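Peer 1: Here it is: the structure, laid out below.
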């Protein structure tokens, strides 16, 4: 998660974006992966496929395939650690897909996590995230297209060090999601060297992505575990030997038993670590293992995973099979790991229960230990949460329901669509208890009765977002806000509340077509307007699921069922004899369109009085909401309605087109541009046109589409006087910049209100391809100055990469020593914190810069400023440079040594006093010597170093008659005073 020390350095916008990106703890998930046994998997590093991928810049993706249980996840974790150890400055990001956990099978969560890992390591990339969030709104963090485009922008910008993306078990995404991610990766790879990002992806053979791989670009390298039988067999021996040796060391078996077991296990392993893990777990449970027992366990267990699962299910006692089947069904259908207590409540609750307290007495026997006792090796426990032992078990159970319907299949088979109703019914019954018929937040007992020290609910950056007053809109109509401690107390008292509140409505939507009348009734009751029931769960849902959203000011039954897409209940409500308030139906239409529930949109548009131009938040119409959130079906249906104004603007002045562009929804952009009434030039309140929004946030194809639209006036300027080319240059959008340049419809060297040109911005941000394209047009002036007198060379000097500066100084050497309005040359700007030594050295070697030029304000040279900043490496180069004036004085009469001593730059002081021609006792206009300045600044080590110089004198006085000794005494610099007194005593004749 986010390091609190790093968090403290973020500004408020960065904190907000960080909290929205950092939604899952990848490091915590990784910590639960089985540790690699020393010596295993290292063979992968020796494979020619890995070497090709790692060393060949043209090999961009290494796809590792292997069957279930062969160690792919452990390998992914190992490669992440290995690459970080090998390359300290490399950017290595990872994500572990997991079909059993909702967040880990979500492509948006994948991208959010990768983006967060990138910007958390490269602070300078935050500006790109800010630009994207400004253009698309904070909603981009839940939009795949916008997130992917942001990821590509970051990858394009980070060019100095390699980027490696590790995605494990991509086959655990839903098939459509898997295809979507793979397609985007292939498209990125097809762009060639536009980014340096490499991918390391694992998955099962014949998964959707692997099938697509067969027709993929040549930049992809394949490594198949199926073809590495000898290496895997060797690793399995390592693991078996390691685990059995631990049993010997704790006295659980004799060496002879270990040796025989090792041979038996190796013979039956069949390249499957998971099978070995099962068997070893069974063996390790024995306090002492005799040879006959060990041989029986190993011999009787089936050799394939499917057979093993069948064996374990059949081994559950007949009396426990019914409860075991219910437990397994819940573990498969629920969208996150459940605690033992949550499982207990879901299994025991009935419509007859009235309160949580009565229910608690019945499920007290349940806990994760109870679940473990019933299901044994089919589950694993992490903290208090219960998980299936492996994804393959989930696959096996779902396959059972569609295969041969024998007794085992009938009892244990799981149909997710059919069985989702179980979770819904349990959650809805729980939220209908009498406890939730009143406001649980205001009637909670003292929080001291509950343990709120929970890492999942405390110390959350996102928890503070509502307190930041980031939104202009009002919150709940009663301005209610519960803090983290209240949420924690509620969850401590009501143990199923978290899961029920977050999932019941979504589960109901999933099984909407198979629900009974009773199910529909209870779902409607939970949505009843102005009831504590609705407030209790909806407040919690909204807070947990939509951190960046202002809470709706009006929450009624129609709005809630439309928000969650409960089409059957919406139809029921619309056909009631009581008339529907037009405002209520219009508000419901907005939320249905925004959430992409087209069936609800269709129903509501047919409702008398429903206004498709109305807004529920930020004066945003349903069309704008559907466009922003990427719901093409809703957009197309709304465009058919004659009442819909395609150009309606929200509070920020943005149209549906602007929002679709900002969120990178290409299909919706195409649909909107095809409408004859669309205004492609409408500017928002920042005077941004859709094209302004597209630059740096939308894909190149969208930019091209807008540029090619004859209605687009592409030379419009924003509120800063900046053109789309100016923004493309700053953001390094090479393809977009090229499209604009070749359109010949915009001035290449157009200045903004600060006198800056596109070339100026490209130079500042180190985008050589864009800078080169601009100059090669013949219309960009690299010697031109902005309002501060700075040219392109000056701006290029303050970028960590020297590529643009090298290019400029080679082609236009006359601009390399041009001072700005304050007398600062490009060489001086190379000292701008944190300092750019490569740029300084490049300019020095160029030979056309004046190393002793003084600035126009303080009269200081480059060496003087270097001494103040403490840039030891840069000072060393300057001191060695021919012709440098070591004694150059500024307007105050201070020398570089004086500046270094006063700043406490010990290394630079050491360099200067070791150089001939440096006056150690030089006095400035106030009579201060370097020793005086060091004493005044409290720099003890500098004082002691100066005292080692034979020429150092202590009797020099400043304008006020003070020596360095007097200054140290006056300022109570005890250690310095002692050093000076001892030196004076030793030096006195």
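Residue numbers (my numbering): 65 to 1053. Think of the CB as a built atom: it goes at the ideal place given N, C-alpha and C, for glycine as much as any other residue. Computed from a predicted structure; not experimentally measured.
1) Within a Cβ cutoff of 6 Å, which residues of the same chain sit near residue 726, ignoring the five residues on either side of it in sequence?
2) Would you mind reading off the limits of the alpha helix (DSSP H) that contains residue 250?
3) Quick one: complete alpha helix (DSSP H) runs, 4+ long, within the region 160 to 234?
4) Would you be able to state if there are at least three C-beta pairs under 8 Å between the region 253 to 268 and the region 119 to 134?
5) So, under 8 Å CB-CB, residue 134 and residue 289 are touching, yes? Tell me the CB distance rounded to an integer number of Å.
6) Please report the residue range of the beta strand (DSSP E) in which residue 127 lies.
7) Should the region 377 to 384 be regarded as contacting the region 335 to 348, the criterion being three or more beta carbon pairs within less than 8 Å?
8) Consult DSSP for residue 1020 and reduce its assignment to one of helix, strand or coil.
9) Please report the straight-line C-alpha distance between residue 440 and residue 621, rounded to a whole angstrom.
10) In the DSSP assignment, what are the bridge partners of residue 288?
11) Could you name each continuous alpha helix (DSSP H) segment of 4 residues or more that falls completely within the region 556 to 597, going from the start of the chain to the end?
12) Could you check whether residue 662 and residue 668 sit closer than 7 Å to each other, using their CB atoms as the reference points?
13) Going by the beta-carbon positions, is the gap between residue 308 and residue 295 smaller than 7 Å?
14) If you follow the beta strand (DSSP E) that residue 1033 is part of, which residue opens it and which one closes it?
15) On the DSSP bridge list, what partners appear for residue 267?
16) Using the beta-carbon count (16 or more within 10 Å), is residue 506 buried or exposed?
17) Cα separation between residue 356 and residue 459?
18) If you draw a straight line from the C-alpha of residue 137 to the C-alpha of residue 147, how long is it?
19) Just list the beta strand (DSSP E) runs in the region 736 to 770, keeping only unbroken ones of 3 residues or longer that don't cross its boundaries, in chain order.
20) Between residue 884 and residue 912, how many whole angstroms is the CB-CB distance? I'm expecting something under 8 Å.
21) List, from N- to C-terminal side, the alpha helix (DSSP H) runs of 4 residues or more that fit wholly inside the region 393 to 438.
22) To the nearest angstrom, how far is the alpha carbon of residue 1013 from that of residue 982?
23) Indicate whether residue 847 and residue 879 have their beta-carbon atoms separated by less than 7 Å.
24) From residue 410 to residue 390, what does the alpha carbon distance come to, in whole angstroms?
25) Apart from the five residues on each side of it in sequence, which residues of its chain come closer than 6 Å, Cβ to Cβ, to residue 932?
26) CB-CB under 6 Å to residue 414, same chain, minus the five flanking residues each way: which ones, in chain order?
27) Taking only the alpha-carbon atoms, compute the straight-line gap between residue 601 and residue 567 and give it to the nearest angstrom.
28) Which word fits residue 156, buried or exposed, when buried means at least 16 other C-beta atoms lie within 10 angstroms of its C-beta?
29) To the nearest angstrom, how far is it from the Cα of residue 153 to the Cα of residue 752?
30) Between 849, 312, 400, which has its C-alpha nearest residue 348's C-alpha?
31) Going straight from the alpha carbon of residue 895 to that of residue 842, what length do you get?
32) Out of curiosity, what's the CA-to-CA distance linking residue 914 and residue 108?
33) Under 8 Å, with one C-beta from each stretch per pair, do the region 444 to 455 and the region 574 to 590 reach the 3-pair mark?
34) Identify every residue that forms a DSSP beta bridge with residue 445.
35) Out of 1008, 434, 406, 432, state which residue places its alpha-carbon closest to the alpha-carbon of residue 423.
36) Kindly indicate the opening and closing residues of the alpha helix (DSSP H) around residue 474.
Peer 2: According to the structure data:
1) The answer, listed in chain order, is 199, 200, 757, 761.
2) That run of the alpha helix (DSSP H) goes 239 to 254.
3) Those alpha helix (DSSP H) runs which fall completely within the region 160 to 234 and span 4+ residues are 171 to 185, 190 to 200, 208 to 221.
4) Enough Cβ pairs lie closer than 8 Å, so yes.
5) The pair is a contact, with the Cβ atoms about 5 Å apart (cut-off 8 Å).
6) Counting along the chain, the unbroken beta strand (DSSP E) around residue 127 starts and ends at 125 to 129.
7) The region 335 to 348 and the region 377 to 384 do not touch, with fewer than three beta-carbon pairs separated by less than 8 Å.
8) If DSSP states are grouped into helix, strand and coil, residue 1020 belongs with coil.
9) Going by the C-alpha atoms only, they are around 44 Å apart.
10) DSSP output for residue 288 lists 129 as bridge partner(s).
11) Here the runs fully enclosed are 561 to 574, 581 to 589.
12) The beta carbons of residue 668 and residue 662 sit no closer together than 7 Å.
13) Residue 308 places its beta carbon 7 Å or farther from that of residue 295.
14) Run containing residue 1033: none in the beta strand (DSSP E); it sits in the alpha helix (DSSP H), 1028 to 1034.
15) Answer is 129, bridged to residue 267.
16) Counting every other CB atom within 10 Å of its CB across the protein chains shown gives residue 506 a total below 16, marking it as exposed.
17) CA-CA distance, residue 356 to residue 459, rounds to 34 Å.
18) The alpha-carbon atoms of residue 137 and residue 147 are separated by roughly 16 Å.
19) For the region 736 to 770, not a single whole beta strand (DSSP E) run of length 3 or above is found.
20) Cβ atoms of residue 884 and residue 912 stay farther apart than 8 Å, at about 17 Å.
21) Listed in chain order, they are 404 to 412, 420 to 427.
22) The alpha-carbon atoms of residue 1013 and residue 982 are separated by roughly 11 Å.
23) Against a cut-off of 7 Å, the Cβ pair of residue 879 and residue 847 comes out as a contact.
24) Cα to Cα, the separation comes out at about 10 Å.
25) Answer for residue 932: 963, 967, listed in chain order.
26) Listed in chain order, the non-local C-beta contacts of residue 414 below 6 Å within the same chain number zero, local neighbours out to five positions each way being set aside.
27) Each residue's alpha carbon lies about 10 Å from the other.
28) Around the CB of residue 156, 16 or more other CB atoms lie within 10 Å, so the residue is classed as buried.
29) Each residue's alpha carbon lies about 37 Å from the other.
30) The shortest Cα separation from residue 348 among 849, 312, 400 belongs to 312.
31) Rounded to whole angstroms, residue 895 and residue 842 show a C-alpha spacing of 31 Å.
32) So the alpha carbons of these two residues sit roughly 54 Å apart.
33) With a cut-off of 8 Å, the region 574 to 590 and the region 444 to 455 do not count as touching, because too few Cβ pairs lie within range.
34) Residue pairing by DSSP places residue 445 opposite 450 in a beta bridge.
35) Checking every option, the nearest Cα to that of residue 423 belongs to 406.
36) For residue 474, the enclosing alpha helix (DSSP H) covers residues 471 to 476.
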